[in-house]
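**Q** Take this structure, written in structure tokens, and hold onto it; I'll ask about it next.
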Amino acid sequence: MGTRTLYHGVSEPPAPDLGGRLPVALAVPGGDKAALSALGWQSVYRALAEAPGLAVERVFPDKLGTTEGLDPRTRESNSPLSSFPVIAWSITFEEDFLSLPRTLLAAGVPPLAAERPSLPLVVAGGPVAFLNPAPIAPFVDCFWVGEADDRFLLFFDTLRRLVFDGADKEAILDAVKDMDGVYAPGRSRTPVKRITSGGQGPLTDPAFSCFISGRAAFRDTLLLEVNRGCPYGCRFCAAGYIYRPPRHAELDELKRIVELADPPKVGLVGTALTDWPELLPFLKWLHERKKKFSLSSMRADGITEELLVYLRERGIRTITLALEGASERLRRMMSKKLDPKDFLNAVRLCARYGVNHLKIYMIAGWPGETDEDYAELAEFLAEIVRIRGEEPGGRKKQFMRITIGVSSLVPKPFTPFQWAPMLSEDALNARMKSLEKLAKPYKGVTLQHDDPFQARLQGLLARGGEELAEFILLAAEHGGWKKALKLWDGDPAVILDRERGQDEPFPWEVVDIGVRREYMWKEWERAKAAKVSPGCSARGCGQCAGCGMETPPGP
1 MGTRTLYHGV SEPPAPDLGG RLPVALAVPG GDKAALSALG WQSVYRALAE APGLAVERVF
61 PDKLGTTEGL DPRTRESNSP LSSFPVIAWS ITFEEDFLSL PRTLLAAGVP PLAAERPSLP
121 LVVAGGPVAF LNPAPIAPFV DCFWVGEADD RFLLFFDTLR RLVFDGADKE AILDAVKDMD
181 GVYAPGRSRT PVKRITSGGQ GPLTDPAFSC FISGRAAFRD TLLLEVNRGC PYGCRFCAAG
241 YIYRPPRHAE LDELKRIVEL ADPPKVGLVG TALTDWPELL PFLKWLHERK KKFSLSSMRA
301 DGITEELLVY LRERGIRTIT LALEGASERL RRMMSKKLDP KDFLNAVRLC ARYGVNHLKI
361 YMIAGWPGET DEDYAELAEF LAEIVRIRGE EPGGRKKQFM RITIGVSSLV PKPFTPFQWA
421 PMLSEDALNA RMKSLEKLAK PYKGVTLQHD DPFQARLQGL LARGGEELAE FILLAAEHGG
481 WKKALKLWDG DPAVILDRER GQDEPFPWEV VDIGVRREYM WKEWERAKAA KVSPGCSARG
541 CGQCAGCGME TPPGP
């Protein structure tokens with residue numbers, strides 16, 4: 001069971017007492033709206049704020065690295081970021097790399113670690129720290145690789161002792177470089193093992209919001225982590241690999257958190273919500289306590305009549321289903337493990353029981369995809385529309401809108417697609433236009449897609465090495481990514497447009513996520529042959545060891 005209780009809700013915490021405590025600024029990119037809608041940093045904040053030797057304050061820099069147009073300052077005491085001996089960054093998305101040098105520059109702090117011989121010490125964590133820290137490594141003194149457990153607090157307690165003892169930056173980094181979970185670029189022995197709190201078994205300390213706000217993207221909502229990781233092993237999904245082993249929270253622990261926070265609304269967060277056997281009992285428990293709730297996307301094969309009827313009775317009007325691939329061949333390539341009949345059955349249930357808005361999520365830009373794959377999608381979409389017409393969802397008063405959201409495939413590190421090339425911007429734009437044309441004839445069907453330029457940018461930042469720090473710094477100093485691409489001497493095609501060799505080293509392999517490279521390569525070979533592989537065994541890692549997680553990183 002979890003022990004952390006800190007919760008502020010709509011209240012702002014007071015400035016912490018600095019007496020004998022190490023001041024730590026926790027920086028979260030994106031401004032208030034994005035930061036207050038993210039969950040990972042709030043788990044980190046809770047761990048740090050509850051530690052007696054630390055005085056943590058928050059700063060939410062905007063796109064320009066400022067707060068309210070001025071130099072970045074903390075929320076609690078309005079102190080300048082540059083006054084903190086430790087600046088800890090929580091970075092979730094590659095596009096947020098830009099915030100790191102911009103904010104440091106706005107604070108008057110040299111962005112490159114080599115230009116900071118003294119404090120502040122810049123620490124970074126979050127998913128990118130164990131997905132691919134290389135592009136921002138020249139800006140960062142050390143990374144925390146993994147989840148926030150007792151070793152995370154030991155790391156910060158060590159920083160506190162060293163700073164208070166008057167140690168210089170070199171001595172601090174030499175002292176922490178080989179601690180569990182610490183990656184100090186150029187110093188640590190690599191690969192650094194990712195830290196997993198709790199190891200195998202249940203998710204003992206699920207993340208939940210410290211703050212709720214009407215300014216957040218998820219307004220007035222307590223975000224609550226139901227599970228971490230995913231047992232299905234879809235080959236494109238980094239979360240299914242970097243968060244192994246998959247873990248579910250326990251029902252009693254989630255109830256404890258809700259009772260502690262007593263929020264107006266609860267947003268359930270997870271990669272495989274419908275796999276949790278306690279989902280429906282928990283939703284009923286929330287309703288008994290007059291709590292509204294929302295759910296992230298669900299697997300179509302987890303949509304039962306009982307669950308959907310209950311969701312509709314509780315006022316849920318939008319359901320999101322992930323189809324992912326346009327054809328059965330592409331779904332086999334990604335090892336999606338989705339029977340088309342189950343998907344169509346979920347569509348029928350949604351149309352039958354009055355879902356107002358059905359969102360279907362897809363990915364385009366697969367290696368070797370063809371027009372035939374999308375011709376199959378056209379037939380499948382026609383079947384979806386036909387089913388809607390047979391149910392109340394096809395009638396005028398209960399019409400079910402359908403939105404198809406399409407993202408471009410970004411082959412991510414630590415997935416079998418890490419060897420794959422990415423489609424060109426022109427090819428992705430052509431595919432998106434053909435999809436718009438495919439959906440246009442159908443009433444009430446809307447197709448939305450991402451910007452292929454942004455997708456390629458994400459791919460570049462996700463897959464590059466330390467040479468990308470120059471590109472990121474150019475973007476920070478010269479007005480953004482497009483201008484930086486014109487000024488940068490590097491070639492994105494080298495990083496994005498070719499299939500990697502079997503033994504080619506990757507810049508992200510300074511981290512060990514616990515999944516064997518040989519396993520990943522085998523899965524890439526099976527992907528090219530469009531062969532499905534089994535997901536994680538219900539028996540647990542110790543009885544499977546298929547991917548190398550028989551000794552998972554952690555305790």
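full-length UniProt numbering puts the first residue of the sequence shown at 1, with every later residue one more than the last.
Glycine included, each C-beta is placed from N, C-alpha and C at the ideal position.
Tell me the DSSP bridge mates of Asn227?
**A** Residue mapping note: residue 227 aligns to position 227 of the sequence shown, counting from 1. Answer by DSSP bridge pairing, in chain order: His248.
**Q** Beta-carbon separation of Ala493 and Met333 under 8 Å?
**A** Within the sequence shown, numbered from 1, the residue matching residue 493 stands at position 493. Within the sequence shown, numbered from 1, the residue matching residue 333 stands at position 333. No, Cβ-Cβ distance for Ala493 and Met333 is not below 8 Å.
**Q** Among Glu250, Gly229, Ala249, His248, which one has its Cα closest to the Cα of Phe240?
**A** Residue mapping note: residue 240 aligns to position 240 of the sequence shown, counting from 1. Before going further, note that residue 240 is Gly rather than Phe in the sequence given. When each option's Cα is compared against that of Gly240, the closest is Gly229.
**Q** Taking the straight line between their C-alpha atoms, what separation do you get for Phe152 and Ala171?
**A** Start at 1 with the first residue of the sequence shown, and residue 152 comes out as number 152. Start at 1 with the first residue of the sequence shown, and residue 171 comes out as number 171. Phe152 and Ala171: Cα-Cα distance of roughly 19 Å.
**Q** How big is the Cα-Cα spacing for Ala249 and Ala545?
**A** On the sequence shown, position 249 is the one that residue 249 refers to. On the sequence shown, position 545 is the one that residue 545 refers to. Answer to the nearest angstrom: the Cα atoms are 23 Å apart.
**Q** Grab me the residues of Ala15's own chain with a C-beta within less than 6 Å of its C-beta, minus the 5 sequence neighbours each way, in chain order.
**A** The sequence position of residue 15 within the sequence shown is 15, counting from 1. Cβ within range, chain order: Glu76, Ser77.
**Q** With a threshold of 8 Å on Cβ separation, who are the neighbours of Leu18 within its own chain once the five nearest residues in sequence on each side are excluded?
**A** On the sequence shown, position 18 is the one that residue 18 refers to. Correct list, in chain order: Ala55.
**Q** Between Glu328, Lys265, Glu324, Tyr353, which lies nearest to Thr304 when the distance is taken from Cα to Cα?
**A** Translated into the one-based positions of the sequence shown, residue 304 becomes position 304. Minimum Cα distance to Thr304 is reached at Tyr353.
**Q** Quick check: what's the CA-CA separation for Met298 versus Phe60?
**A** One-based indexing of the sequence shown puts residue 298 at position 298. One-based indexing of the sequence shown puts residue 60 at position 60. Roughly 31 Å separates the two Cα atoms.
**Q** Give me the residue from Lys169, Arg102, Leu6 with the minimum Cα distance to Ala27.
**A** Here residue 27 is taken as the residue at index 27 of the sequence shown, counted from 1. The shortest C-alpha separation from Ala27 is found at Arg102.
**Q** Assign Tyr310 to one of three DSSP states: helix, strand, or coil.
**A** Along the sequence shown, one-based indexing puts residue 310 at 310. Correct three-state label for Tyr310: helix.
**Q** Are the CB atoms of Leu311 and Leu268 within a distance shorter than 8 Å?
**A** Within the sequence shown, residue 268 is the residue found at index 268, counting from 1. Within the sequence shown, residue 311 is the residue found at index 311, counting from 1. Result no, Cβ atoms of Leu268 and Leu311 do not sit closer than 8 Å.
**Q** Taking the beta strand (DSSP E) that His357 belongs to, which residues open and close that run?
**A** Position 357 of the sequence shown, counting from 1, holds the residue named residue 357. Looking at the DSSP string, the run of the beta strand (DSSP E) that includes His357 is 357-364.
**Q** As a quick exercise: from Arg247, Leu64, Leu162, pick the residue whose alpha carbon is nearest that of Pro277.
**A** Translated into the one-based positions of the sequence shown, residue 277 becomes position 277. Here the closest residue by C-alpha is Arg247.
**Q** Using a Cβ-Cβ cutoff of less than 6 Å, which residues in the same chain neighbour Ala106 once the five nearest sequence positions on both sides are dropped?
**A** Mapped onto the sequence shown, residue 106 falls at position 106. Excluding positions up to five away in sequence, the list reads Gly65, Thr66, Asp71, Pro72.
**Q** Enumerate in chain order the residues of its own chain whose CB-to-CB distance from Ala21 is below 7 Å, with the five nearest sequence positions on each side excluded.
**A** Counted from its first residue, the sequence shown places residue 21 at position 21. It is worth fixing the name first, because residue 21 is Arg in this sequence and not Ala. Hits under 7 Å: Gly53, Leu54, Ala55.
**Q** According to DSSP, is Lys437 part of a helix, a strand, or is it coil?
**A** Walking along the sequence shown from the start, residue 437 turns up at place 437. In the structure shown, Lys437 sits in a helix (DSSP, three-state: H, G or I).
**Q** Can you check whether the CB of Leu409 is closer than 8 Å to the CB of Ala364?
**A** One-based indexing of the sequence shown puts residue 364 at position 364. One-based indexing of the sequence shown puts residue 409 at position 409. It is a contact, given that the beta carbons lie within the stated cut-off.
**Q** Can you tell me whether Asp141 is buried or exposed? The criterion is at least 16 other CB atoms within 10 Å of its CB, across all chains shown.
**A** Mapped onto the sequence shown, residue 141 falls at position 141. Result: buried.
**Q** On the criterion of 16 or more Cβ atoms from any shown chain inside 10 Å, does Ala382 qualify as buried, or is it exposed?
**A** Taking the sequence shown and counting its residues from 1, one reaches residue 382 at position 382. Its Cβ having fewer than 16 others within 10 Å, Ala382 is exposed.
**Q** May I have the straight-line CA-CA distance separating Ser213 from Ser294, to the nearest angstrom?
**A** Walking along the sequence shown from the start, residue 213 turns up at place 213. Walking along the sequence shown from the start, residue 294 turns up at place 294. Those two C-alpha atoms are separated by around 16 Å.
**Q** At 4 residues or longer, what runs of the alpha helix (DSSP H) sit wholly inside the segment 407-468?
**A** Complete alpha helix (DSSP H) runs here, min 4: 425-439, 452-463.
**Q** Compare the beta carbon distance of Val258 and Lys291 with 8 Å and say whether it is the shorter of the two.
**A** Here residue 258 is taken as the residue at index 258 of the sequence shown, counted from 1. Here residue 291 is taken as the residue at index 291 of the sequence shown, counted from 1. Cβ distance < 8 Å, so Val258 and Lys291 count as in contact.
**Q** Would you kindly check if the distance between the Cβ of Arg401 and the Cβ of Gly444 is under 8 Å?
**A** Position 444 of the sequence shown holds residue 444. Position 401 of the sequence shown holds residue 401. Yes, these two residues count as a Cβ contact at 8 Å.
**Q** Is the Cβ-Cβ distance between Leu359 and Thr320 less than 8 Å?
**A** Counted from its first residue, the sequence shown places residue 359 at position 359. Counted from its first residue, the sequence shown places residue 320 at position 320. The sequence given here has Lys at residue 359, not Leu. In this structure, Thr320 lies closer than 8 Å to Lys359 by Cβ.
**Q** In this structure, does DSSP put Leu64 in helix, strand or coil?
**A** One-based indexing of the sequence shown puts residue 64 at position 64. The answer is coil: DSSP assigns Leu64 none of H, G, I, E or B.
**Q** Let me make sure I understand the geometry here. Which of Leu254, Leu307, Glu466, Cys234 has the alpha-carbon closest to that of Pro534?
**A** Taking the first residue of the sequence shown as position 1, residue 534 is located at position 534. For Pro534, the nearest C-alpha among the options comes from Cys234.
**Q** Put Tyr7 into one of helix, strand or coil per three-state DSSP.
**A** Here residue 7 corresponds to residue number 7 of the sequence shown, with the count starting at 1. Looking at Tyr7 - three-state DSSP - the assignment turns out to be coil, as it is neither helix nor strand.
**Q** Is the segment 200-216 close to the segment 158-167, with three or more CB pairs under 8 Å?
**A** Judged by Cβ distances under 8 Å, the segment 200-216 makes no contact with the segment 158-167, as fewer than three pairs qualify.
**Q** Should Ser11 be labelled buried (16 or more other beta-carbon atoms within 10 Å of its own) or exposed?
**A** One-based indexing of the sequence shown puts residue 11 at position 11. When all chains shown are included, Ser11 counts as exposed.
**Q** Taking C-alpha atoms, which residue in Arg314, Phe155, Leu428 lies nearest to His287?
**A** Position 287 of the sequence shown, counted from the first residue, corresponds to residue 287. Of the listed residues, the one whose Cα sits closest to His287 is Arg314.
**Q** Using only the alpha-carbon positions, how far apart do Thr196 and Val176 sit?
**A** Position 196 of the sequence shown holds residue 196. Position 176 of the sequence shown holds residue 176. Straight-line Cα distance between these residues: approximately 19 Å.
**Q** Give the straight-line distance between the Cα atoms of Gly548 and Gly181, rounded to the nearest whole angstrom.
**A** To locate residue 548, count along the sequence shown from 1; it is residue 548. To locate residue 181, count along the sequence shown from 1; it is residue 181. When rounded, the distance between both Cα atoms is 19 Å.
**Q** Label Thr370 either buried or exposed according to how many other C-beta atoms from any shown protein chain fall within 10 Å of its C-beta, with 16 as the threshold for buried.
**A** Translated into positions along the sequence shown, residue 370 becomes position 370. By the 10 Å Cβ count, Thr370 comes out exposed.
**Q** Any contact between the segment 124-144 and the segment 38-53? By contact I mean 3 or more CB pairs, one from each, below 8 Å.
**A** Touching, per the Cβ criterion.
**Q** Thinking Ile387 and Ala439 are a contact (beta carbons under 8 Å), I'd like their distance in whole angstroms, please.
**A** What you label residue 387 is simply residue 387 of the sequence shown in a count that begins at 1. What you label residue 439 is simply residue 439 of the sequence shown in a count that begins at 1. Going by Cβ atoms, the distance from Ile387 to Ala439 rounds to 16 Å, so no, they are not a contact pair.
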